[in-house]
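Right under this line is the structure:
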């Protein structure tokens with residue numbers, strides 16, 4: 073059994089060594105043709121696997137659960153709109169798009185926005201990390217944006233619990249665990265329409281055309297206006313499915329996340345093993361009966 077989580081397209085990477093490694097990873101994808109079955113995190117990954125030439129192997133979609141245990145919501149007392157970005161600091165994650173979009177949103181009146189950009193520098197582009205603060209300062213966002221390098225799981229869960237909205241303008245996602253963690257934490261979503269993001273957001277986030285920084289800025293400004301004019305529990309949540317009352321948004325999120333729980337994932341994975349046993353005429357192991 074193999075698992076395909078996708079590979080960032082090399083053309084979205086600036087570092088030559090990383091670009092070479094991604095090219096090698098794409099070549100290695102063909103090893104999955106030797107598997108009896110391949111599990112894909114998303115329908116998008118299943119499509120990409122077939123497009124890469126691995127089309128004969130049986131596949132099924134098995135969505136990952138959140139990597140963090142969500143904490144209870146903690147509403148801020150400063151009456152500001154709290155935006156969160158979680159991901160590697162690389163061009164493919166739309167880091168610069170987000171900063172320029174924020175500058176546009178602030179110019180449109182979203183002066184009450186507070187942004188946290190959280191990510192690990194280990195797997196980030198060193199040039200992006202090095203220039204991040206200068207870009208923030210040059211755009212006049214020094215008092216608006218906080219960069220949080222290498223937060224541990226507890227701190228990251230706390231930021232999810234306090235954030236109003238996750239903004240992730242990524243140019244490529246095979247699944248996007250931060251979106252799942254945001255939904256589990258009750259965060260609203262603004263994301264690009266790239267890769268698996270529309271499916272992972274499940275119609276419950278606001279989709280923006282990939283690369284359209286002006287539209288991203290307008291989406292952030294719209295959200296801040298909604299948040300400013302109503303308590304979070306009473307606001308209309310902008311989504312690709314239309315505006316939703318917050319309680320209806322929460323109900324739909326809960327329904328989606330029921331299929332993304334750790335328990336659901338474990339049970340579905342065991343069913344994959346059962347299918348493989350049956351195909352071979354094997355008896356399921358004794359420990360399976362107790363699971």
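In this note's numbering, the protein residues as written are 73 to 363.
By construction, the Cβ of each residue, glycine as well, lies at the ideal position given by its N, Cα and C atoms.
When you compare each of the options to residue i by their alpha carbons, which one comes out closest?
{"i": "residue 253", "options": "222, 126, 296 and 328", "result": "328"}
{"i": "residue 265", "options": "258, 259 and 285", "result": "285"}
{"i": "residue 174", "options": "163, 99 and 188", "result": "188"}
{"i": "residue 125", "options": "213, 273, 99 and 269", "result": "99"}
{"i": "residue 234", "options": "213, 256, 241 and 215", "result": "256"}
{"i": "residue 318", "options": "341, 278, 93 and 260", "result": "260"}
{"i": "residue 280", "options": "312, 251 and 304", "result": "312"}
{"i": "residue 248", "options": "165, 183, 308 and 236", "result": "165"}
{"i": "residue 320", "options": "333, 332, 334 and 304", "result": "304"}
{"i": "residue 154", "options": "315, 270 and 237", "result": "237"}
{"i": "residue 151", "options": "183, 224 and 204", "result": "183"}
Between residue i and chain B, is any beta-carbon pair separated by less than 7 angstroms?
{"i": "residue 286", "result": "Judged by its chain identifiers, the structure shown contains no chain B, having just a single protein chain."}
Please tell me whether residue i and residue j are closer than 7 angstroms, where the distance is taken between their beta carbons.
{"i": "residue 130", "j": "residue 109", "result": "yes"}
{"i": "residue 140", "j": "residue 113", "result": "no"}
{"i": "residue 274", "j": "residue 263", "result": "no"}
{"i": "residue 191", "j": "residue 160", "result": "yes"}
{"i": "residue 121", "j": "residue 243", "result": "no"}
{"i": "residue 221", "j": "residue 171", "result": "no"}
{"i": "residue 267", "j": "residue 77", "result": "no"}
{"i": "residue 239", "j": "residue 157", "result": "yes"}
{"i": "residue 219", "j": "residue 296", "result": "no"}
{"i": "residue 197", "j": "residue 241", "result": "no"}
{"i": "residue 177", "j": "residue 289", "result": "yes"}
{"i": "residue 352", "j": "residue 258", "result": "no"}
{"i": "residue 111", "j": "residue 75", "result": "yes"}
{"i": "residue 278", "j": "residue 293", "result": "no"}
{"i": "residue 200", "j": "residue 193", "result": "no"}
{"i": "residue 133", "j": "residue 115", "result": "yes"}
{"i": "residue 324", "j": "residue 269", "result": "no"}
{"i": "residue 346", "j": "residue 333", "result": "no"}
{"i": "residue 95", "j": "residue 82", "result": "yes"}
Can you give me the start and stop residues for the beta strand (DSSP E) that residue i sits inside?
{"i": "residue 161", "result": "It is not in any beta strand (DSSP E) - residue 161 carries neither H nor E in the DSSP assignment."}
{"i": "residue 132", "result": "131–133"}
{"i": "residue 85", "result": "Note, residue 85: premise wrong, no beta strand (DSSP E); not H, not E."}
{"i": "residue 76", "result": "74–76"}
{"i": "residue 107", "result": "No beta strand (DSSP E) holds residue 107; DSSP gives it neither H nor E."}
{"i": "residue 433", "result": "Residue numbering for the chain in the displayed model covers 73 to 363; residue 433 lies beyond these limits and cannot be assessed."}
{"i": "residue 278", "result": "278–280"}
At which residues does the alpha helix (DSSP H) containing residue i begin and terminate?
{"i": "residue 99", "result": "88–100"}
{"i": "residue 172", "result": "167–179"}
{"i": "residue 251", "result": "249–256"}
{"i": "residue 121", "result": "115–123"}
For residue i, is the beta carbon positioned less than 6 angstroms from some heavy atom of the ligand NAP?
{"i": "residue 215", "result": "Looking at this structure, you won't find the ligand NAP or any other ligand, since it has none at all."}
Quick check on residue i: buried or exposed, where buried means 16 or more other Cβ atoms within 10 Å of its Cβ?
{"i": "residue 310", "result": "buried"}
{"i": "residue 73", "result": "exposed"}
{"i": "residue 306", "result": "exposed"}
{"i": "residue 138", "result": "buried"}
{"i": "residue 216", "result": "buried"}
{"i": "residue 301", "result": "exposed"}
{"i": "residue 214", "result": "exposed"}
{"i": "residue 167", "result": "buried"}
Whole runs of the alpha helix (DSSP H) within the stretch 287–335, excluding any shorter than 4 residues: Taken in chain order, the whole alpha helix (DSSP H) runs of length 4 or more contained in the stretch 287–335 are 318–329.
Start-end ranges of the alpha helix (DSSP H) lying completely within the stretch 202–273, minimum 4 residues: 225–234, 249–256 and 269–273
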